[in-house]
Every structure is written in structure tokens, then in C-alpha cells.
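Heads up, the sequence shown is in the working numbering, so the first residue is 496 and it goes up one at a time.
Even for Gly, the Cβ is constructed at its ideal location relative to N, Cα and C.
Keep in mind it's a predicted model, so treat the numbers as computed, not measured.
First comes the structure, then the notes that go with it.
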Amino acid sequence: MRVLTVVTDFGIGGTQRVAQNLTLGVKQAGVSVAVLAYNASGPRERFFRDSGVPVFAPDENDQSYPFIDEAIRWRPDIVHFHRSGYPNKRETALIQAFKGQGARIVETNVFARYDGTEARHLIDVHCLLSRWCWFKWSMWRASRDSSTATILPNAVDATNFKAIEAEERHAVRVSLGVPPGRFLFGRIGQPMPTKWSPKILSVFLRALASGNDIGLVLVGAPPEYAEEVARLGQSVRDRIVMLAPIDDDVRLRSLYCAMDAFLHIAEIGESFGMVLCEALLCGTPVITLSTPLRDNSQLEVVGHEQGGLVARDIEGVLEAMERIQRDEALRERVREKGSSWIEGRFGVNVVSSKAVQIYNSVLASTNRADLQRRLDALGDIPPDFSWLAEIQGKGLGSMPTLSQKALFRILHVPQVYATYQIVKRGFAKASR
């Protein structure tokens, strides 16, 4: 079997990192692999070449280099696209080209967006990152086609993220100005406003008002957060550490380990949540806020009472912050088992093995119904509303109200979603 991985470019982004992890994991499983970046090369190209993986990418010194033709001539059996899920004419053209040569098409749909264009008829199986993603995608698809789907989570390389020794942890906390005995909450992310929420500061201030000795370290927060912190009183500012974005895994590991709890609040939620995995690999419990109207895979990645605590609303976050400080047993459980909780579900070997099973199912199937039966037999069956009610029932804070449940259903009506996509594209064109 020959598997070609397709990404936009070989940049340092999270999608590219996950595609790299999976490609090398599949190679380790004995499958012949190659990679194609259809838009641009990037720093990951060298890593692939050093690992003995054939690379097809634009040549900045030779614009006429037919790298896509070369990839087609490589004759892959499976072409695995890592894509956003949104309609993309360039990707559709590539899918058509490979499909025309007899390849079967697999996609990892990063944001669980339903593509109602021609691409949906060409993709053999849609891989979603979580059950939440699969549920949302299925709602948007409804009965419009018989597309097959399953779950293939991100492949997480745990090599660089693990607990550090107590002496090193103490030194890191001292370097951050954290006095002995202070409970340190923290958040790491990229400086994109939608991946953060101002609520992280307001809920910290409320927790501080309870009289507990707590601190907060924010790594990679958008610039406006530093401005907000600067307006606070000196006694509060002294408890908050602001650090610029960091891309060094060694430094990131030390910061995860320095925290007593990872405080995760994101406006758009998570389609997966690599930072959550990294925190848990380091043995740091996570508090995460549910975002049912947006991406919400954080519920599954963390797991209430497994990798930390899930909050259904901001009051639940405050309750979780209070509980995590006094629940030494939960913190100890995550320190001991957080890494296995992640590696057992998302480790490179685990996910790569699942990917190979999916590829074999695609190649062995005779039609879409047969393929879906084969995929379901791998252990992941389509989630339904009973599953939704079960997972939303686990957490702190108030349960969703009837109006919130109604809004959730309305936003997942295919016609409403299609209208939203049209309006969104219209605004995007108008702003250019």
C-alpha cells in the first residue's frame, strides 16, 4: 500500500505537525509513504527528507517544476488530505486528479465543516477528530448524501512532553516569581483572540477575591491582555506573569510543569486541543470550559474527572478553580495517569494503527454502505443525541437551558448552515 499525505504547505502550524506525526507513524507501521505540499514548501520539508520520505513541493528556484505530476506518477493507493473542511477549489481539483488515476481519497476534516460542493462525492471517507466533531458534521450533512465517516484523532508525539523533576520545577517557579505555596494557574496558546477569552482574567479576579493565594501565567496571549493586566492594581499585577509566544518544546514543557492547573477558556473552543494534550502529558490537570455552540472537542480530550474538570459555564469554571486547589487526590491522579490518558488514545502508534485500518477498509470496500460497515466495525459508531446528552451531563455548573438546546439545533440545521456559509463568503469577498 502506498499512502500520499497532502497538506497546504510544510510550515510549522499545528495541522502540518499532526500530518507529519501521522505520516511517520504510518511509515513506521511498514507502509510506503510520501508527502505533497500543494501551495508552498517550508521548514518541515527537511525533516521529511531526513526521514527518508519522498517529498513533492513547489521549487522556488524552478516555478515550472511539475511537482504535482510527479506526485501523481508516484501512483498512491490512498491520498490523505489534511484540510479545514471548507470548500476549496484547488483541493477539489487535486482530488479529481488523483481520483482519475484510481486513488482512493481520505480526508482529515480539521474543523468538522461540511463541504457541500463536488468534493463530497469524491472523498471516500471523512475522518473527524472527535465524536463531537463527527456529531456536528453529521448534523450539517443530514440526509443530503451517503458520505462515510469515522474518527481519526490527531496523532500526538509525547516525546518532548513529560513531567520534570521537583528541583527543576521549583527553579522554574522561582524564575517566574512564584512564591512557595502559591497555587499557579496557567494558559499557553497562540496570540489569536478567538483562541482565548477575556473571561480568563475576570474569573481569575473572582477566584482571587475568595482569599486564596493564587497566581496566573499567560503564555502567548493576544497583546490586549497585557494592556488589561496593566490597568489592574499592583497587588494583582504581581500575581500575573505575561510571557511572549514560545515555540521551544523544552521551555514549553517546563512551563506546563510549573503550573498547578491549566486554565482553558477559548471563544471558539477546540476542534482537538494540542495544548490540552501537552499539559496532561506533563501531568498538569486541566480546567476547560464547554463551548457547545462552537468547537467542543475539549470535553473528550480532557474528560471530566479524568484529565481534570469540565465546566459547563463560567460559574462552573470558578467552582472548578476552587475544587482543584483542595482536591489533592485529583491532582495526584493526573500527575500519575495524565500521560497514559493521552498516549493511550492519541499516541502516534495508536492513531497510526487506526489510520492503517481505515486505509485497508477503504481499499477492501465495494461501496459506501460496505465501507461504513467496515469503519463502524473498527469501534467508533456515529454519535447521537443520547451521547450528546451524556457528555454534556458531565461537568460543573448549570446544565444547558431549553433555549440553549434549541439554538444548538437551529444552528445545525443544514439549510441554516448553508445560508450562513453563503453570507460568510459574501462578507469575505466584500472585505477584500
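When the beta-carbon positions are compared, A552 and F505 come within less than 8 Å of each other. Rounded to whole angstroms, the Cβ separation of V502 and A532 is 6 Å, and the two are in contact under 8 Å. Here M894 is exposed. Its C-beta has fewer than 16 other C-beta atoms within 10 Å. In this chain, the alpha helix (DSSP H) harbouring N844 covers V843 to A859. Runs of beta strand (DSSP E) with 3 or more residues, each lying fully within the stretch 586-640, are found at 599-604 and 620-623, listed in chain order. Look at L711 here: in three-state DSSP terms it is strand.
At a Cβ-Cβ threshold of 8 Å, S642 and H665 do not count as neighbours.
Per the Cβ contact rule, the stretch 876-896 is in contact with the stretch 808-816 (3 or more Cβ pairs under 8 Å). With respect to E795, S633 sits apart: the two C-beta atoms are not nearer than 8 Å. By the CB criterion at 8 Å, Q793 and G764 fall inside the cutoff.
One Cα belongs to W836, the other to V797, and the distance between them is close to 9 Å. Around the beta-carbon of T861, fewer than 16 other beta-carbon atoms lie within 10 Å, marking it exposed. Between the C-alpha atoms of Y581 and R734 there is a straight-line separation of about 42 Å.
In the structure shown, R726 falls within a coil segment according to DSSP collapsed to helix, strand and coil. Taking every protein chain shown into account, the CB of L517 has 16 or more other CB atoms within 10 angstroms, so this residue is buried.
According to the DSSP assignment, T643 belongs to the beta strand (DSSP E) that extends over T643 to I646.
In the DSSP assignment, L771 falls outside any beta strand (DSSP E) and lies within the alpha helix (DSSP H) extending over M769 to L776.
Of V605, F606 and I573, the smallest CA-CA separation from I590 is found for I573. When the five nearest sequence neighbours on each side are left out, no beta carbon in the same chain lies closer than 6 Å to the beta carbon of V745. As computed with DSSP, H759 is found in a beta bridge with T783.
Following the DSSP letters along the chain, one finds A901 in no beta strand (DSSP E) but inside the alpha helix (DSSP H) bounded by residues L897 to L906. Between A756 and I819, the C-beta spacing is below 8 Å. Each of S697, L758 and S749 was checked against the Cα of V731, and the nearest Cα belongs to S697. Taken through DSSP and simplified to helix, strand or coil, D744 comes out as helix. Straight across, the Cα-Cα distance linking C752 with V724 is about 24 Å. Ranked by Cα distance from W569, the first of W629, S579 and G597 is G597.
Judged by DSSP in its simplified three-state form, V796 adopts helix. Remark: fewer than three beta-carbon pairs, one from each stretch, lie closer than 8 Å, so the stretch 686-694 and the stretch 868-881 are not flagged as touching. Just measuring C-alpha positions, the residue of E827, P686, A721 and A535 sitting nearest D742 is P686.
Look at M737 here: in three-state DSSP terms it is strand. Judged by their CB atoms, F606 and I600 are not nearer to each other than the 8 Å cut-off. Per DSSP, the continuous beta strand (DSSP E) segment holding R682 begins and ends at F678 to I683.
G681 and V712 do touch by the CB rule: their CB atoms are close to 4 Å apart, below 8 Å. Fewer than three pairs of CB atoms, one per stretch, sit closer than 8 Å, so the stretch 840-855 makes no contact with the stretch 701-708.
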